[in-house]
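Have a look at the structure below before the remarks.
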Amino acid sequence: MSLDLHFILFLLLRMAIAAAFVVSASIITERAGPVIGALVATLPVSAGPSYVFLAIDHDAAFIAQGALASLPVNAATIFMCLTYVVLSQRHNLVVSCGSAVAVWIVLASIIRRFDWSLAAGLAANLIAFGICIPLLAGYRHVKMPLVTRRWYDVPMRALLVATLVAIVVSTSGWVGPRISGIIALFPVVFTSMMVILHPRIGGPPTAAVLANSAWGLLGFGMAIAIMHIAVAQFGSATGLSVALASCVLWNLTLWQRGRVMRKARSP
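Here full-length UniProt numbering is used: the first residue of the sequence shown is 1, the next is one more, and so on.
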């Protein structure tokens, strides 16, 4: 088998695996409601496969540096969510989603101009979430209507994340760890939710999913910081595993806390 054919087949396999993760997570989101859906959406279902495939092609130093670049991008994502949540209350999908993605691109473009330290990345996240979490709180409690899936939903979601993985894997060798880390964190899951759910159930219910994602997204940011440290100390395999475990544990803690609070409020 030629080298080019081997690369293409391996790339297609990576794209298929990543797409399967995102499609499964988004289906769970539709069926479980905004709270559970938000917790699933903030798991590393798109960034995780991207980083795994980067780790196959590059050494631990590359992955650690990529994680350092990804950390402040997580702050850009929460501002993207806030933009969509506010605009979607009164505006259509094009205005709401288009503006949200534009905010992410602008912030990511600014972020890439700087060399970020771990402390600076953490500070950016703390400031961003300190601003956005209180502002999102009032949009969280909206009942999720029944969603009827259409034939193109799964293919579109699969195509979005497969394209992201293809870009990350194919360009990582020449764009370097910083740009790879930024691209890997493009919010595929949130964007696909906006595009699919908004026309079907309306802006406010879709916004509720994103509003409920704030605390989970904060935990995702902490997992990126943990990944940077753990990869540098113990290697890519261990670092990625520890980061995934921390993200899952954080979301399970949020889920359990939510259950306790609901029971306390019930008569």
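Just so you know, even glycine gets a beta-carbon here, dropped at the ideal spot from N, CA and C.
Can you list, in chain order, the residues of its chain with a C-beta nearer than 7 Å to that of residue i? Leave out the 5 residues immediately preceding and following it.
i, result
"LEU135", "LEU82"
"PRO187", "THR77, MET80, TRP104"
"SER2", "Interpretation of SER2 is limited by its pLDDT of 46, a score under 50 that renders its predicted location unreliable; the figure taken from the coordinates is listed afterwards. If we look at SER2 and ignore the five residues flanking it on each side, it has no Cβ neighbours."
"VAL85", "LEU136, TYR139, ALA207, LEU210, ALA211"
"residue 274", "What is shown of the chain runs 1 to 267, which leaves residue 274 out entirely."
"LEU39", "GLY216, ASN251, LEU254, TRP255"
"SER236", "ALA55, ALA60, ILE63"
"TRP116", "LEU68, ALA69, LEU71, PRO72"
In whole angstroms, what is the alpha-carbon distance linking residue i and residue j?
i, j, result
"LEU240", "SER70", "14 Å"
"VAL183", "ALA55", "Rather than Val, the amino acid found at residue 183 in this sequence is Ile. So the alpha carbons of these two residues sit roughly 15 Å apart."
"ILE133", "PHE114", "25 Å"
"THR238", "GLN89", "43 Å"
"HIS6", "PRO199", "Model confidence at HIS6 stands at a pLDDT of 49, short of 50, so the residue's coordinates are unreliable; what they give is reported in the following sentence. C-alpha separation (whole angstroms): 40 Å."
"VAL101", "PHE234", "35 Å"
"PHE53", "LEU218", "24 Å"
"VAL195", "GLY138", "22 Å"
"ILE127", "VAL142", "26 Å"
"ILE110", "LEU122", "17 Å"
"THR253", "GLY176", "35 Å"
"PRO155", "LEU197", "15 Å"
"ALA120", "MET261", "34 Å"
"LYS263", "ILE131", "29 Å"
For the candidate residues the options, whose alpha-carbon lies nearest to that of residue i?
i, options, result
"LEU93", "LEU252, VAL248, LEU249, ALA207", "ALA207"
"GLY216", "ASP59, LEU185, TRP255", "TRP255"
"PRO44", "ALA230, MET261, PHE220", "PHE220"
"SER180", "ILE229, ARG112, GLY202, GLY121", "ARG112"
"LEU87", "THR238, LEU210, ALA264", "LEU210"
"SER192", "ALA232, GLY98, ALA123, ALA264", "GLY98"
"PRO72", "VAL52, TRP250, SER96, VAL106", "VAL106"
"PRO204", "ILE110, GLY130, ARG140, GLY176", "ARG140"
"ILE63", "VAL260, LEU252, ILE229, THR253", "ILE229"
"ALA232", "ALA60, ILE36, ALA38", "ALA60"
"ASN125", "SER117, ASN251, ALA75, HIS91", "ALA75"
"ASN212", "ASN251, LEU118, LEU159", "ASN251"
"PHE129", "VAL248, LEU39, ALA214", "ALA214"
With a CB to CB cut of under 6 Å and the five nearest residues on each side skipped, what residues in its chain are close to residue i?
i, result
"ARG178", "ALA69"
"residue 268", "The structure shown does not extend to residue 268, since the chain is modelled only from 1 to 267, so the question has no answer here."
"ASP57", "none"
Quick one: what's got a C-beta closer than 8 Å to residue i's C-beta in the same chain, skipping five residues either side?
i, result
"VAL248", "LEU43"
"VAL95", "LEU87"
"LEU118", "LEU68, LEU71, ALA225, HIS228, ILE229"
Checklist entry - Do the region 61-75 and the region 221-231 meet, that is, are 3 or more Cβ pairs less than 8 Å apart? => result Counting C-beta pairs with one atom in each stretch, the region 61-75 and the region 221-231 have three or more that are closer than 8 Å, which means they touch.
Checklist entry - If we count Cβ pairs, one from each stretch, closer than 8 Å, do we get three or more for the region 242-251 versus the region 38-55? => result By the Cβ rule, the region 242-251 counts as touching the region 38-55, because three or more pairs are nearer than 8 Å.
Item to check | Ranges of the alpha helix (DSSP H) found wholly within the region 74-126, counting only runs of at least 4 | outcome: Fully enclosed alpha helix (DSSP H) runs of 4 or longer: 93-111.
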